[in-house]
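Participant:
Protein chains: 6
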Amino acid sequence: MALKPATRDKLQTVSTATITTALFKRGFRNQMIQGALPLRPGKPTMVGEAYTLRYMPAREDRNPISVFQNRAHPQRKAVEECPVGAVFVIDSRKDPRAASAGAILATRLQVRSVAGIVTDGGFRDTAEIAALVMPSYHVRPAAPTNLTCHEAIDINVPIGCGDAPVFPGDVIVGDDDGCVVIPAELADVIADEAADMTLFEAFVTEKVKEGRSILGLYPATDPQSNVDFESWRATRDR
Amino acid sequence: MALKPATRDKLQTVSTATITTALFKRGFRNQMIQGALPLRPGKPTMVGEAYTLRYMPAREDRNPISVFQNRAHPQRKAVEECPVGAVFVIDSRKDPRAASAGAILATRLQVRSVAGIVTDGGFRDTAEIAALVMPSYHVRPAAPTNLTCHEAIDINVPIGCGDAPVFPGDVIVGDDDGCVVIPAELADVIADEAADMTLFEAFVTEKVKEGRSILGLYPATDPQSNVDFESWRATRDR
Amino acid sequence: MALKPATRDKLQTVSTATITTALFKRGFRNQMIQGALPLRPGKPTMVGEAYTLRYMPAREDRNPISVFQNRAHPQRKAVEECPVGAVFVIDSRKDPRAASAGAILATRLQVRSVAGIVTDGGFRDTAEIAALVMPSYHVRPAAPTNLTCHEAIDINVPIGCGDAPVFPGDVIVGDDDGCVVIPAELADVIADEAADMTLFEAFVTEKVKEGRSILGLYPATDPQSNVDFESWRATRDR
Amino acid sequence: MALKPATRDKLQTVSTATITTALFKRGFRNQMIQGALPLRPGKPTMVGEAYTLRYMPAREDRNPISVFQNRAHPQRKAVEECPVGAVFVIDSRKDPRAASAGAILATRLQVRSVAGIVTDGGFRDTAEIAALVMPSYHVRPAAPTNLTCHEAIDINVPIGCGDAPVFPGDVIVGDDDGCVVIPAELADVIADEAADMTLFEAFVTEKVKEGRSILGLYPATDPQSNVDFESWRATRDR
Amino acid sequence: MALKPATRDKLQTVSTATITTALFKRGFRNQMIQGALPLRPGKPTMVGEAYTLRYMPAREDRNPISVFQNRAHPQRKAVEECPVGAVFVIDSRKDPRAASAGAILATRLQVRSVAGIVTDGGFRDTAEIAALVMPSYHVRPAAPTNLTCHEAIDINVPIGCGDAPVFPGDVIVGDDDGCVVIPAELADVIADEAADMTLFEAFVTEKVKEGRSILGLYPATDPQSNVDFESWRATRDR
Amino acid sequence: MALKPATRDKLQTVSTATITTALFKRGFRNQMIQGALPLRPGKPTMVGEAYTLRYMPAREDRNPISVFQNRAHPQRKAVEECPVGAVFVIDSRKDPRAASAGAILATRLQVRSVAGIVTDGGFRDTAEIAALVMPSYHVRPAAPTNLTCHEAIDINVPIGCGDAPVFPGDVIVGDDDGCVVIPAELADVIADEAADMTLFEAFVTEKVKEGRSILGLYPATDPQSNVDFESWRATRDR
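Residue numbers (the working numbering), protein chains in the order written: chain R, 4 to 241; chain S, 4 to 241; chain U, 4 to 241; chain P, 4 to 241; chain Z, 4 to 241; chain B, 4 to 241.
Structure representation (structure tokens):
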């Protein structure tokens, strides 16, 4: 179930806050990747299907520095195979004591037109990764090589990331509040609903800035609020 | 016991660091709201009397999205009733997994001339809240709606916030180091003492920048330090 | 074993990420000071030998505010005795509830040409410390005076800082990823190896930006990669 | 809505595990008091309606030892007013650094025929409290007087305890796995369903001990399992 | 590489403390499953090859109670397929807020002659599981059904458990100190070395009880210590 | 300032709860060693002067297994030099991932008539240590050798243990609630006051068991309570 371009476009205009509310209405309470924040806030909203990497705790004998000489090493292989437009999501078991990845790999992902990179651990070379156009999310900087704590063990399997369930193909949306995981089959409907909510919230924000009370306006329990919204929308669409 | 304008003015010129020291001298060791930091550092110092909101853990059947249609919902009611010049302080039980509030409510508070907003949880829509003139303090961004984890249960009762005791009417002061809680009845005396300390520390900083040792200067155990301070003060006051 | 100027210079051009990898190759997995991050990212790389201060939990009767009137108080003494070019490293037992130090002391350290200051707790007056030229690293702001939680008890003894072992004279290097501790006797060899790695990584980054795959390039298991590197280096050195 | 004797009796025969499953089927995911465990395992199941005490962080000037001379002090008042058969539930903000209560108060509660005592902090005098007939639940022992960290501020208001929502009158059930909170209005239906599930699980356990596979048996997707259960139940009821 | 009966027997006579030391000598620092302790201390030492179950965070729509009606549900399937003599090891992402398993499944494992069960989360029905002959290890009791927080997603893949790497077939040894993971290919050599160390430590303990200093005895740097050990061993073997 | 035999005797009859209250009255809020609990509850109260060992994080090259061949290794030296009747207190930086000590060392301490052993980390060989007559306190079992995480660096210096300040010679008292640190110079007065409080609490407990309300009794604000106490004491002393 590929992410439709129209859905991707819509999701790029809505916030993770609005999406989590739309998910909450459908019974999803646990889709926010907890603790992962943008290395550099203020970049455009990140949208893409999840492509995952699973780390497990590193065992010393299996993880000497020479392991990267193996072209099939899952971390390196994943960086080369992550699809264009996807979000690279790493299960680092919430452990930022060693890096999930560094600037060279992140740069490679950007060159390969990956949409973004997310870990519930930390990145190294954070100054360089932050400076990329591609958005990136982590818990905190982590200079030590991943081999210190992590062994890349699986590519594109279901994982946990920041206590959220992530299945390959789920749609990841990231902004300055962090990243939310939309179950793949709900991406279209959530995008539609979130776009509608976003429009309404733009109206509400405008009215609040003009001095109106939130009571009866947000939500619009006062019938006049809906009338005003419809007329605002009509004006705006013209 | 209302906060006097002169006291508010004085507190706006002193730091939370200085205030905690003045409180420490009187036996208060626990008045700093631990973990809550400014969404955007560098704003003017926040000063205001505490107006509180208490959250408890959310129970699913009591917290559907429709709950906000109730104009008496404590979160919404509190936003409309928080006094001008007060600081809106939220007890989120140090849980930033779901939002304490979002941009629309924060904007409404600013429009209503509230002095600032503080939670020991997290806010959603953080880019917009950070961009407000009104200062805001939290632990980390939290996109999910508060209903996911929190139920607003009490308005303007004594609470804990970041492990500090907060009574309605206590004076909250916030700067880039975070927020301190001054017991209401001590606001005047603490403001006076902190202003004096601030003046002395400005003198010390100037001398340190000129190359003087801190020994005998800070604190001024060397009598010459006091002489110098008095003459510095005299010059400065002219 | 003093830090050689040439070694200091080399270390100023390499990253903590690269250094931790060089240390990892020699069996060191625990030299990163976990959790301490720059108050203001983007400053030049900090390099210097560790000069340490050990805090223990404060006992109320031993730590009234008057204690600083004692010129031999270890915190104040250490600030005056920390050698030029050293890094002042504080063992705050990972407790940022009270300050490890404030702006006046940090300013004095800068005036005394200390290379930087690091704690696994927090600083107060963070806006002023961040504005100094001298780099500074902590966990989070901590306004309350150190006496609230910490008693300075030992100067220049071996300590733990952010779960890393720090011996006086070890070489501390700090950048936006945080601070790494190089055992004193390894500083020269690590500096050499890290400088070589840095050069190679600059080459790799350039190739990755040009679109080359990381497979066979990083590490250079493809013989052509080494040929290319040598020719790139030759060009660059000219 | 008083707890019916028949419901109390049923709940005394079922486990917290079974109750949480019955609650889960109705959409409740957060009713377990996390982290509070029996001081002495193996006592009979505790059942009673919640009577609550809310602590907030202690402020030094409000909490000298003399405060207990006030007969209206909420902690002491609550101990004397907690109804017969109720469970005394304390919101200690998950902080076991100071005691929620000690042996004298626990003994008084037992004498007053209170059903049990629960805190998400810790008790002092744990050897004596454990030796009482009345069951007790906490996180870990905490010798220091509650005044060190806690101020009792409210009696019988809605609270959080171990991240679970607790409303006065909710039914608390405790066994060796800990304590679960049943919303008051669901106590009867949950008791009925849990009793049924308990009977079925007794049957399943017996069959498993006899060597039967859990597949088709638990749950009873194999029709024969239901037949066997009905005949087992018939035999058992005779 | 099957676990040899002789190796199993030897491992049953040595402690996890001794095994971790033997592993430490070979460069393994991270093989202890951190935080998982016996539900009932004092049972015979548990030894068996790891058979693993991997949980990920639960998504509400995928984890209704009806999911167990599927005979292929990984949790249930794993319980029926775990080999005789193996240890069932569960990666619960160190989250004990919901159960990893309960008494019926644990009983089934015992009936199927599984050697033991380990999770870095918690079990429900702990009184019954503790009463089994089969040893069990967890972090703390967790009454809520696993569906609340966990989805069983993979059987017998490499996992992390309590921050230790566990590969299927690794040998798990558990005693009152917890569980250690011996890489499969090292089981024989570690068993031999640990058995030797155990013998020596029995000698040392006897001598210490007789009043001898540990200096020169433990380790046996004093040549006489080795002489004494050899003669003690000779006597003992007779 | 040696611990007087009479003071030691008195302290053996009072609880840590009572002692912390006596300390609280004198302004000490932080003398409880947080998190360290008895390996086996129910042993006689432990009393002795603190003899300390300080651990720092282990550096791999300094901590091979061969390090114990050095008779001057601080851990081994400390075990041989800890005075008769003292309590061996270890600063393990609250890290129980590796052992603070094991059964052989604990046995040696018992043979040497040390009063007890306390760490804010964990012990290995816990079944054997628990079985000793000598009381022992830790956070949780920790099988791996201390060399994995800890390097013993200092003997009998001031340390932190479980967030409490411990100076050599302070008096440590331990019971089932944990361990409290009495500043050396206060041992006599605290012992006297705690003994008095203990007597009064025995009276209160007896009255509470007889059915009396705590109001007016505990504390004895009702004059009759004091009359009753005096007559109870008179009877008891006869």
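Cβ atoms here follow ideal geometry from the backbone N, Cα and C, with glycine treated the same way.
So within the segment 175 to 201 of chain P, which uninterrupted beta strand (DSSP E) runs reach at least 3 residues, ignoring any that extend past its ends?
Facilitator: Qualifying beta strand (DSSP E) stretches, in chain order: 181 to 185.
Participant: Mapping DSSP to helix, strand and coil, what is residue 239/Z?
Facilitator: It is helical.
Participant: Please compile the residues from chain B whose C-beta is within a distance smaller than 8 Å of the C-beta of residue 68/P.
Facilitator: Those within 8 Å of residue 68/P in chain B are 24, 27 and 28.
Participant: Quick one: grab the DSSP three-state call for residue 79/S.
Facilitator: Of the three classes helix, strand and coil, the one that applies to residue 79/S here is helix, per DSSP.
Participant: Taking the beta strand (DSSP E) that residue 60/S belongs to, which residues open and close that run?
Facilitator: Taken as a continuous stretch (DSSP letters only), the beta strand (DSSP E) holding residue 60/S covers 49 to 60.
Participant: Name the residue from 80/R, 100/R, 66/R and 140/R whose alpha carbon lies nearest to the alpha carbon of residue 111/R.
Facilitator: It is 80/R.
Participant: Would residue 122/P count as contacting chain Z if we go by Cβ distances under 7 Å?
Facilitator: Not closer than 7 Å to any Cβ of chain Z, the Cβ of residue 122/P fails to qualify, so no.
Participant: Which residue or residues does DSSP assign as beta-bridge partners of residue 121/Z?
Facilitator: BP columns for residue 121/Z point to 92/Z and 140/Z.
Participant: Rounding to the nearest angstrom, what Cα-Cα distance links residue 97/S and residue 130/S in this structure?
Facilitator: Looking at the two C-alpha atoms, the distance is approximately 21 Å.
Participant: DSSP puts residue 162/P in a beta bridge; with which residues?
Facilitator: Partner(s): 169/P.
Participant: Tell me which residue opens and which closes the beta strand (DSSP E) that residue 104/B is part of.
Facilitator: Where residue 104/B is concerned, the enclosing beta strand (DSSP E) stretches over 102 to 104.
Participant: 7 Å is my cut-off, CB to CB: does residue 138/R come that close to chain Z?
Facilitator: False, the Cβ-Cβ gap to chain Z never drops below 7 Å.
Participant: Hey, would you say residue 187/U sits closer than 7 Å to residue 13/U, going by beta carbons?
Facilitator: Their beta carbons are not under 7 Å apart, which means residue 187/U does not touch residue 13/U by this criterion.
Participant: Got a sec? Which residues, its chain only, sit under 6 Å from residue 206/U by beta carbon, not counting five neighbours each side?
Facilitator: So the qualifying residues of the chain are 232 and 235.
Participant: Rounded to the nearest angstrom, how far is the Cβ of residue 83/U from that of residue 216/S, given a contact under 8 Å?
Facilitator: So it is a contact: roughly 6 Å between Cβ atoms.
Participant: Can you name the residues of chain S whose CB is closer than 7 Å to the CB of residue 156/P?
Facilitator: Going along chain S in sequence order, the residues near residue 156/P (Cβ under 7 Å) are 161.
Participant: What residues from chain Z crowd round residue 190/R, counting only those whose CB sits closer than 7 Å?
Facilitator: Under the 7 Å cutoff, chain Z gives no residues; its nearest Cβ is about 14 Å from residue 190/R.
Participant: Nearest to residue 275/Z by alpha carbon, out of 202/P, 28/P, 15/P and 32/P?
Facilitator: Nothing about residue 275/Z can be reported from this structure: the residues present for chain Z run from 4 to 241 only.
Participant: Should residue 227/S be labelled buried (16 or more other beta-carbon atoms within 10 Å of its own) or exposed?
Facilitator: The residue in question, residue 227/S, is exposed, as its Cβ has fewer than 16 Cβ neighbours within 10 Å.
Participant: Any Cβ of chain S within less than 7 Å of the Cβ of residue 43/U?
Facilitator: Cβ-Cβ to chain S under 7 Å: no for residue 43/U.
Participant: Could you tell me the boundaries of the alpha helix (DSSP H) in which residue 13/P lies?
Facilitator: Note, residue 13/P: alpha helix (DSSP H), 8 to 14.
Participant: Given a limit of 9 Å on CB to CB distance, which residues of the segment 76 to 87 of chain Z reach chain B?
Facilitator: Within the segment 76 to 87 of chain Z, no residue qualifies.
Participant: Just the chain P side, please: which residues come within less than 7 Å of residue 59/S by C-beta, in chain order?
Facilitator: Within 7 Å Cβ-Cβ: 161, 162, 163 and 168.
Participant: Which stretch, first to last residue, makes up the alpha helix (DSSP H) that contains residue 24/P?
Facilitator: Taken as a continuous stretch (DSSP letters only), the alpha helix (DSSP H) holding residue 24/P covers 19 to 28.
Participant: Give me the residue from 51/B, 157/B and 219/B with the minimum Cα distance to residue 9/B.
Facilitator: The option with the nearest alpha carbon to residue 9/B is 51/B.
Participant: Going by CA-CA distance only, name the one from 115/Z, 116/Z, 118/Z and 151/Z that's closest to residue 127/Z.
Facilitator: The shortest Cα separation from residue 127/Z among 115/Z, 116/Z, 118/Z and 151/Z belongs to 151/Z.
Participant: How would you list, in chain order, the residues of chain S whose beta-carbon sits under 7 Å from the beta-carbon of residue 18/R?
Facilitator: The contacting residues are 128.
Participant: Thinking residue 114/R and residue 214/U are a contact (beta carbons under 8 Å), I'd like their distance in whole angstroms, please.
Facilitator: About 6 Å; that satisfies the 8 Å criterion.
Participant: Would you say residue 135/S and residue 93/S are within 7 Å of each other, going by their C-beta atoms?
Facilitator: No.
Participant: Excluding five sequence neighbours on each side, which residues of the same chain lie with their C-beta closer than 7 Å to the C-beta of residue 105/Z?
Facilitator: Cβ neighbours of residue 105/Z beyond the five flanking positions: 126, 127 and 128.
Participant: Given a threshold of 16 other Cβ atoms within 10 Å of its Cβ, counted over all protein chains shown, does residue 210/S qualify as buried or as exposed?
Facilitator: By the neighbour-count rule (16 or more Cβ atoms within 10 Å), residue 210/S is buried.
Participant: Where residue 212/Z and residue 43/B are concerned, what is the direct C-alpha to C-alpha distance, given to the nearest angstrom?
Facilitator: Roughly 20 Å separates the two Cα atoms.
Participant: Can you name the start and end residues of the alpha helix (DSSP H) that residue 148/S belongs to?
Facilitator: No alpha helix (DSSP H) holds residue 148/S; DSSP gives it neither H nor E.
Participant: Under the assumption that residue 17/P contacts residue 148/P (Cβ atoms under 8 Å), give the Cβ distance between them as a whole number of angstroms.
Facilitator: Incorrect: roughly 37 Å between the Cβ atoms, too far for contact.
Participant: Is the CB of residue 63/R under 7 Å away from at least one CB in chain Z?
Facilitator: True, the Cβ-Cβ gap to chain Z drops below 7 Å.
Participant: For the alpha helix (DSSP H) that contains residue 129/B, what are its first and last residues?
Facilitator: Counting along the chain, the alpha helix (DSSP H) containing residue 129/B begins and ends at 129 to 134.
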